[in-house]
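Visitor: Before anything else, here's the structure in question.
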Amino acid sequence: MSDTPVKEKFFGDILIHSFFVIPFLIAMGCILLFSVVHLLTREPQSVYDFLEDVKTGGLTKRWQSAFELSKILANPDLIPEEERFFAELVNAFEHAKHDDNRVRQYLALAMGRTGHAEFVAPLVESLREEKEENLAALIYALGMLRHTEAAPALYPYLEHPQARVRSMAVVALGSMADPNAAAALHRALNDSEPNVQWGAAVSLAKMGDAAGKAVLLNMLNRHYLSQFPAVDAEEQNALLLTAIEAVDFLKDASLDERLGQLAMTDPDMKVRSAAQQILYKMN
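Shown next, in the form of structure tokens:
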């Protein structure tokens with residue numbers, strides 16, 4: 001039998017490898033090498049890069065850049081301490097007045113996370129004409145800044161028709177720990193929305209005011225919290241931990257007794273541990 005077909009097949013394989021497979025593998029190797037080099041040499045975006053993208057990028061790019069900026073500024077070590085940064089962030093915030101709500105909200109969050117007083121005035125001034133959808137974010141940011149000079153600007157929002165805005169206002173006032181806000185927070189204890197009552201009680205406790213004691217006792221009761229279908233197990237735990245932290249600011253026998261019950265019997269170990277720590281500090 002002739003071996004010509006075998007030779008032809010062998011020769012064909014050589015052609016395929018020479019002209020198709022080998023060049024393809026070389027090309028893929030070059031692409032892979034380029035990708036690795038690019039990843040290793042690419043510099044991470046700075047806060048200024050994200051601010052520029054917020055102002056000039058497409059719709060998706062703008063809100064995503066604002067979100068990334070707010071994440072970066074959660075790290076105190078990455079917050080620039082220079083006038084250029086303050087000016088550019090305020091400028092981007094003002095520029096986003098009529099932009100996608102997410103851009104405005106994430107920029108407000110970014111301002112709040114810096115803790116810098118330079119952002120109090122721009123946020124307060126924006127409250128007057130802000131869209132309702134963004135009010136809670138701006139109020140939350142002011143609470144993060146914790147400057148009492150902003151407290152009077154938040155009082156009107158304790159009467160806002162949206163429960164979420166009222167709730168955020170009481171939490172922000174509590175963060176500011178402004179004693180002049182006590183009267184307004186006392187009224188909020190009778191709000192029709194439980195979230196507002198809870199926030200007011202916690203805020204008052206952080207100021208050493210036990211006026212919300214009855215509300216705190218409810219918050220420390222899983223049976224009470226289970227009456228709210230929208231509050232799942234995870235949210236119950238979060239509320240319990242918040243209330244336990246608030247009790248630490250007060251010296252009250254009935255609250256301490258409830259903590260003792262949680263420390264011994266609560267099904268969640270984090271809640272039990274938090275209650276035990278507070279009780280240990282008191283003894």
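Residue numbers 1 to 283, in the working numbering, belong to the letters of the sequence shown in order.
Glycine included, every Cβ here is placed at the ideal spot set by N, Cα and C.
#1: On a CA-only basis, which of Asp99, Thr114 and Lys61 is nearest Lys71? Give me that one, please.
#2: Would DSSP call Asp99 helix, strand or coil?
#3: Between the beta-carbon of Ser175 and the beta-carbon of Arg146, is there less than 8 Å?
#4: Return the Cβ separation of Arg272 and Leu217 in integer angstroms, given the expectation that the two are a contact with Cβ distance under 8 Å.
#5: Can you tell me the Cα-Cα spacing of Asn283 and Val231, whole angstroms?
#6: When we look at the beta-carbon of Ser46 and count the other beta-carbons within 10 Å, is it buried (16 or more) or exposed?
#7: Report yes if the C-beta distance between Leu158 and Arg187 is below 8 Å; otherwise report no.
#8: Kindly indicate which three-state DSSP category Asp49 falls into: helix, strand or coil?
#9: Leaving out the 5 sequence neighbours to the left and right, which residues in its chain are closer than 7 Å to Ser226 when beta-carbon positions are compared?
#10: From Lys55 to Ala96, what does the alpha carbon distance come to, in whole angstroms?
#11: Give the secondary structure of Gly115 by DSSP, where H, G and I count as helix, E and B as strand, and everything else as coil.
#12: Return the chain-ordered list of same chain residues with a C-beta closer than 6 Å to the C-beta of Ala74, the five sequence neighbours on each side being excluded.
#13: For my contact list, Glu133 and Asn91 are in at a C-beta cut-off of 8 Å; report their separation, rounded to the angstrom.
#14: In three-state terms, what does DSSP make of Asp268?
#15: Alpha carbon to alpha carbon, how far is Ala110 from Asn221? Give it in angstroms, no decimals.
#16: Please classify Leu40: does DSSP put it in a helix, a strand, or coil?
#17: Since Ala182 and Met207 should fall inside the 8 Å C-beta cutoff, what is the C-beta to C-beta distance between them, to a whole number of angstroms?
#18: Check for me: the alpha helix (DSSP H) holding Asn218 runs from which residue to which?
#19: According to DSSP, simplified to helix, strand and coil, what is Gly260?
Guide: Reading off the structure:
#1: Position 71 of the sequence shown, counted from the first residue, corresponds to residue 71. The candidate whose alpha carbon is nearest that of Lys71 is Thr114.
#2: Taking the sequence shown and counting its residues from 1, the one referred to as residue 99 is at position 99. Here Asp99 sits in coil by DSSP.
#3: Residue 175 sits at position 175 when you count from the first residue of the sequence shown. Residue 146 sits at position 146 when you count from the first residue of the sequence shown. Yes.
#4: Walking along the sequence shown from the start, residue 272 turns up at place 272. Walking along the sequence shown from the start, residue 217 turns up at place 217. No, Arg272 and Leu217 are not in contact; Cβ-Cβ is about 18 Å, not under 8 Å.
#5: Counting from 1 along the sequence shown, the entry for residue 283 is found at position 283. Counting from 1 along the sequence shown, the entry for residue 231 is found at position 231. When rounded, the distance between both Cα atoms is 33 Å.
#6: Your numbering for residue 46 matches position 46 in the sequence shown. Burial call: exposed.
#7: The residue labelled residue 158 in the question sits at position 158 within the sequence shown. The residue labelled residue 187 in the question sits at position 187 within the sequence shown. Contact flag set, yes.
#8: Sequence index remark: in the sequence shown, residue 49 carries index 49 (1-based). DSSP places Asp49 in helix when its eight states are reduced to three.
#9: Position 226 of the sequence shown, counting from 1, holds the residue named residue 226. There are no such residues.
#10: As a first step, residue 55 is located in the sequence shown; it is residue number 55 there, counting from the start. As a first step, residue 96 is located in the sequence shown; it is residue number 96 there, counting from the start. In a straight line, the C-alpha of Lys55 is about 8 Å away from that of Ala96.
#11: Position 115 of the sequence shown holds residue 115. Looking at Gly115 - three-state DSSP - the assignment turns out to be coil, as it is neither helix nor strand.
#12: In the sequence shown, counting from the first residue as 1, residue 74 sits at position 74. Cβ neighbours of Ala74 beyond the five flanking positions: Arg113.
#13: As a first step, residue 133 must be located in the sequence shown, where it is residue number 133. As a first step, residue 91 must be located in the sequence shown, where it is residue number 91. The Cβ separation is near 22 Å, so there is no contact.
#14: Mapped onto the sequence shown, residue 268 falls at position 268. Note: Asp268 maps to coil in three-state DSSP.
#15: In the sequence shown, the residue the question calls residue 221 occupies position 221. In the sequence shown, the residue the question calls residue 110 occupies position 110. Spanning the two alpha carbons is a distance of roughly 35 Å.
#16: Taking the sequence shown and counting its residues from 1, one reaches residue 40 at position 40. Only weak support exists for where Leu40 lies, its pLDDT of 43 falling under 50; the value from the coordinates is given anyway. Here Leu40 sits in helix by DSSP.
#17: Taking the sequence shown and counting its residues from 1, one reaches residue 182 at position 182. Taking the sequence shown and counting its residues from 1, one reaches residue 207 at position 207. That pair is a contact at about 7 Å.
#18: Locating residue 218 in the sequence shown gives position 218, counting from the first residue. Run containing Asn218: Lys213 to Met219, per the alpha helix (DSSP H) assignment.
#19: As a first step, residue 260 is located in the sequence shown; it is residue number 260 there, counting from the start. Helix.
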